[in-house]
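Asker:
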Amino acid sequence: MPADLFFTVNPGSPEPIYRQLVEQMRRRIASGQLVAGEEIPSVRELAQALAVNPMTISKAFGLMEAEGLVERRRGLPMVVASHHQKALRTRSRVELLRPALEKAAAEARQLELPPDQVLALFKSLLKTPGETS
Numbered sequence: 001m002p003a004d005l006f007f008t009v010n011p012g013s014p015e016p017i018y019r020q021l022v023e024q025m026r027r028r029i030a031s032g033q034l035v036a037g038e039e040i041p042s043v044r045e046l047a048q049a050l051a052v053n054p055m056t057i058s059k060a061f062g063l064m065e066a067e068g069l070v071e072r073r074r075g076l077p078m079v080v081a082s083h084h085q086k087a088l089r090t091r092s093r094v095e096l097l098r099p100a101l102e103k104a105a106a107e108a109r110q111l112e113l114p115p116d117q118v119l120a121l122f123k124s125l126l127k128t129p130g131e132t133s
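With full-length UniProt numbering as the guide, the letters of the sequence shown map in order to residues 1 to 133.
1. Cα separation between Gly32 and Glu45?
2. Leu126 bridges to which residues according to DSSP?
3. Does the distance from the C-beta atom of Val22 to that of Ala60 stay below 8 Å?
4. Could you say which of Lys103, Leu113 and His83 lies nearest to Ile29 if we only look at CA atoms?
5. Quick check: what's the CA-CA separation for Pro114 versus Leu125?
6. Could you tell me which uninterrupted beta strand (DSSP E) segments, each at least 3 residues in length, are contained entirely in the UniProt domain "HTH gntR-type" (15-83), listed from first to last along the chain?
7. Is it buried or exposed, Leu34, if we count other Cβ atoms within 10 angstroms and call 16 or more buried?
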């Protein structure tokens with residue numbers, strides 16, 4: 001997979017870029033998009049593709065390794081850790097999404113938006129490009 005498609009970053013987000021990368025890796029492994037032994041792009045490749053400081057990428061990789069998401073191999077590319085053989089159960093994946101939804105719900109309440117309107121927006125955001133109802 002090309003490095004520029006592996007991760008995306010939002011420089012305007014209040015969440016630090018290294019955290020964005022760790023969260024994306026966590027979600028892609030949980031969903032089964034990435035499985036044990038799959039190689040991930042190098043620090044240099046990602047830094048260049050995302051126009052991000054290599055130290056930021058390195059920090060994210062260090063956190064991923066400490067969390068057991070990836071394994072470092074001397075002289076070889078990093079890979080998804082061997083214990084990530086399959087996707088997590090749906091219940092576990094939902095729990096990974098919960099914090100983002102709680103934050104969105106709090107913001108919707110602060111904006112005094114009607115729940116029906118918020119749910120309709122969320123449903124439209126869930127659709128893949130080109131999908132119709």
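Glycine included, C-beta positions come from ideal geometry on N, C-alpha and C.
Answerer: The answer reads as follows:
1. 23 Å
2. In DSSP, Leu126 forms no bridge with anything.
3. yes
4. His83
5. 17 Å
6. 70-73 and 76-80
7. buried
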